[in-house]
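Offset between the sequence shown (1-based) and this note's numbering: plus 13. Glycine included, each C-beta is placed from N, C-alpha and C at the ideal position.
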Amino acid sequence: METETLLNSCDFYSTDCKGRIRTIAKNTDIPATMKEIVLVDMKLCQTHYNRYINNETHNFKYNKTCSHPKYDLYKAQSKSTNKQSKKLNLEKVLKRLIEVLKLDKFAEICSMCRKKTDKDPEYLQTEEYKAPISKKKQNDDNILQVGNYSYILRNDVFYNGEELKQLELDFQEILEHITISNEVSLSDKIIKMSNILYNNQHKLNQKPIYDLTAFKVILEVADENLIGFFDELYIGTNPHTKSNKTNENNKKKLVSLCYFLASINNKYINSFKADIGSYLQTSDASSSSIDTLANIGFSITRKTVSRQKTLISESHQDTVNNYCLQNIENMFILNILILMIIIIFIEEINQLY
């Protein structure tokens, strides 16, 4: 920016000098027509600054002419010369025309000259000339439909129609040999496994299955999406670095892990926890230890264990009573047979003595 001061005088000192004194800085936009007159570090009053900088810049832009070599000729040939405004709408010369017109990259030409250049035989015959890319509307015959996709075929861009057609045919052929499996996620597999174990416990009244082969078969028969699920878990234990005995123990642990994951997904899958709780109480484990394991999800609470034992005891008594009622005749005959055997045994002993 130019600097302002009231202490220095204008370098064009005259009776016309008025206003503040401005110092021309390096970044001051000096018009090209004034570069030999106005120099950096010169001091200009407001009057001369307006005359040599502001006004000249405005006049330069307003009176800017087309740089095309044939501008005057094209202008004379144009039928609408009289109708044209004095101010031209200039635009930077296109890259494809720079060498043809022998202009620099900063040159500007009007739209009239640009259009006439592409029709001028003199320029069309030069080696440097490059025709503009047409933007004509594509014919329906030039549109390739592949499935739900449409491709516009243009021979003036990177590819031709035959190449693209062949490319698409090859691509579709490759797709036919690619099978994309709809892999079920781990979370979905756990949900499916939980549903199977819940159904076994509460609808089929089955006890937990600890045999790893039977457990795997039950899952895979019930849902084909679980085929290989147990094997995936087993591979995760890094079996190739362990002994056969360790691998067999790990498989048993994985069965317990599956029940544990299922119980987290559905709290009503608790038969596995009930077995652990019953075992702990039978082993004289303290109530606090059972409840501690229950809090971390490995067992049921002590109260629940006691309640289940009571239910099992009552159920067992009812089962025995029902069996006796259903088989009372057979039991009566059995008692008579036992009594006869005892009598015969006593008589045998008496004869010996």
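If you draw a straight line from the C-alpha of Val51 to the C-alpha of Tyr65, how long is it? Reading the sequence shown from its first residue, position 38 is the one you call residue 51. Reading the sequence shown from its first residue, position 52 is the one you call residue 65. Each residue's alpha carbon lies about 8 Å from the other.
Out of Ala307, Leu232 and Lys266, state which residue places its alpha-carbon closest to the alpha-carbon of Tyr247. Residue 247 sits at position 234 when you count from the first residue of the sequence shown. Of Ala307, Leu232 and Lys266, the residue nearest in Cα terms is Lys266.
Check whether the Cβ atoms of Arg320 and Ile303 lie closer than 8 Å to each other. To locate residue 320, count along the sequence shown from 1; it is residue 307. To locate residue 303, count along the sequence shown from 1; it is residue 290. No, the pair does not count as a contact, with Cβ atoms beyond the cut-off.
Which value, in whole angstroms, describes the spacing of the CA atoms of Thr16 and Ala45? The residue labelled residue 16 in the question sits at position 3 within the sequence shown. The residue labelled residue 45 in the question sits at position 32 within the sequence shown. Note that Thr16 scores a pLDDT of 49, beneath 50, so its modelled location is shaky and nothing firm can be said.
Using DSSP with H/G/I as helix, E/B as strand and the rest coil, what is Arg33? Here residue 33 refers to the residue found at position 20 of the sequence shown. Note: Arg33 maps to coil in three-state DSSP.
Terminal residues of the continuous alpha helix (DSSP H) containing Leu86? One-based indexing of the sequence shown puts residue 86 at position 73. Segment Tyr84 to Gln90, the alpha helix (DSSP H) holding Leu86.
Leaving aside the five residues before and after Thr139 along the sequence, list all residues of the same chain whose C-beta is less than 7 Å from its C-beta, in chain order. Locating residue 139 in the sequence shown gives position 126, where the first residue counts as 1. If we look at Thr139 and ignore the five residues flanking it on each side, its Cβ neighbours are Val113.
Span separating the alpha-carbon of Asp42 from that of Arg33: Your numbering for residue 42 matches position 29 in the sequence shown. Your numbering for residue 33 matches position 20 in the sequence shown. Going by the C-alpha atoms only, they are around 19 Å apart.
Are three or more beta carbon pairs between the segment 278-289 and the segment 236-245 nearer than 8 Å? no
Excluding the 5 residues flanking Cys123 on each side, which residues of the same chain have their C-beta closer than 8 Å to its C-beta? Taking the first residue of the sequence shown as position 1, residue 123 is located at position 110. Cys79, His81, Tyr84, Leu101, Asn102, Leu103 and Glu104, listed in sequence order.
Using 8 Å as the threshold, is the C-beta distance between Lys229 and Ser284 below it? Along the sequence shown, one-based indexing puts residue 229 at 216. Along the sequence shown, one-based indexing puts residue 284 at 271. Not in contact: Lys229 and Ser284 (Cβ atoms no closer than 8 Å).
From Asn263, Leu107 and Arg35, residue whose alpha carbon lies closest to that of Ile146: In the sequence shown, residue 146 corresponds to position 133, counting from 1. Of Asn263, Leu107 and Arg35, the residue nearest in Cα terms is Leu107.
Could you check what DSSP says for Glu141 in three-state terms: helix, strand or coil? For this step, residue 141 is matched to residue 128 along the sequence shown. Correct three-state label for Glu141: coil.
Quick one: does Asp131 have its CB under 8 Å from some CB of chain D? No chain D appears in the structure shown, which is made up of a single protein chain.
Would Val268 and Gly290 qualify as a contact pair, given that the criterion is a beta-carbon distance under 8 Å? To locate residue 268, count along the sequence shown from 1; it is residue 255. To locate residue 290, count along the sequence shown from 1; it is residue 277. No.
Since His71 and Cys30 should fall inside the 8 Å C-beta cutoff, what is the C-beta to C-beta distance between them, to a whole number of angstroms? Position 58 of the sequence shown, counted from the start, is the residue given in the question as residue 71. Position 17 of the sequence shown, counted from the start, is the residue given in the question as residue 30. Between Cys30 and His71 the Cβ distance is about 21 Å, and since that is not below 8 Å, they are no contact.
Mapping DSSP to helix, strand and coil, what is Glu181? The count along the sequence shown starts at 1 and reaches residue 181 at position 168. Of the three classes helix, strand and coil, the one that applies to Glu181 here is helix, per DSSP.
Ends of the alpha helix (DSSP H) at Lys56? Stepping through the sequence shown from its first residue, residue 56 is reached at position 43. Run containing Lys56: none in the alpha helix (DSSP H); it sits in the beta strand (DSSP E), Lys56 to Cys58.
In the DSSP assignment, what are the bridge partners of Ile313? Residue numbering aside, residue 313 sits at position 300 when the sequence shown is read from its first letter. Answer is none; Ile313 lacks a bridge partner.
So, with DSSP's three-state summary, where would you put Ile355? Along the sequence shown, read from residue 1 onward, the residue named residue 355 stands at position 342. Three-state DSSP puts Ile355 in a helix.
Give a yes or no on contact between the segment 249-262 and the segment 201-218, applying the rule of three or more CB pairs nearer than 8 Å. no
Return the first residue and the last residue of the beta strand (DSSP E) that Leu103 is part of. Stepping through the sequence shown from its first residue, residue 103 is reached at position 90. Where Leu103 is concerned, the enclosing beta strand (DSSP E) stretches over Leu103 to Lys105.
Comparing C-alpha positions only, which one of Glu121, Lys322 and Lys286 sits nearest to Ile309? Translated into the one-based positions of the sequence shown, residue 309 becomes position 296. Residue Lys286 is the option with its Cα nearest to Ile309.
In the DSSP assignment, find the beta strand (DSSP E) that holds Glu121 and state where it starts and stops. As a working note, residue 121 is residue 108 in the sequence shown. First-last of the beta strand (DSSP E) with Glu121: Glu121 to Cys123.
Just to check my reading of the structure: Tyr272 and Leu210 have Cβ atoms closer than 8 Å, yes? What is that Cβ distance to the nearest angstrom? Reading the sequence shown from its first residue, position 259 is the one you call residue 272. Reading the sequence shown from its first residue, position 197 is the one you call residue 210. About 7 Å separates the two Cβ atoms, so the contact holds.
CA-CA distance, Asp54 and Tyr26? Position 41 of the sequence shown, counting from 1, holds the residue named residue 54. Position 13 of the sequence shown, counting from 1, holds the residue named residue 26. Asp54 and Tyr26: Cα-Cα distance of roughly 15 Å.
Range covered by the alpha helix (DSSP H) that runs through Ala235: Your numbering for residue 235 matches position 222 in the sequence shown. Per DSSP, Ala235 belongs to the alpha helix (DSSP H) from Leu225 to Ala235.
If distances are taken between C-alpha atoms only, which option among Val197, Ile204, Ile362 and Asn260 comes closest to Leu225? Your numbering for residue 225 matches position 212 in the sequence shown. Of Val197, Ile204, Ile362 and Asn260, the residue nearest in Cα terms is Asn260.
Lys255, buried or exposed, once every other Cβ within 10 Å from all chains shown has been counted against 16: Numbered from 1 along the sequence shown, position 242 holds the residue referred to as residue 255. By the neighbour-count rule (16 or more Cβ atoms within 10 Å), Lys255 is not buried but exposed.
Find the nearest neighbour of Leu270 within the set Glu360, Lys88 and Met206, judged by alpha-carbon distance. Locating residue 270 in the sequence shown gives position 257, counting from the first residue. Leu270 has its Cα closest to that of Met206, out of Glu360, Lys88 and Met206.
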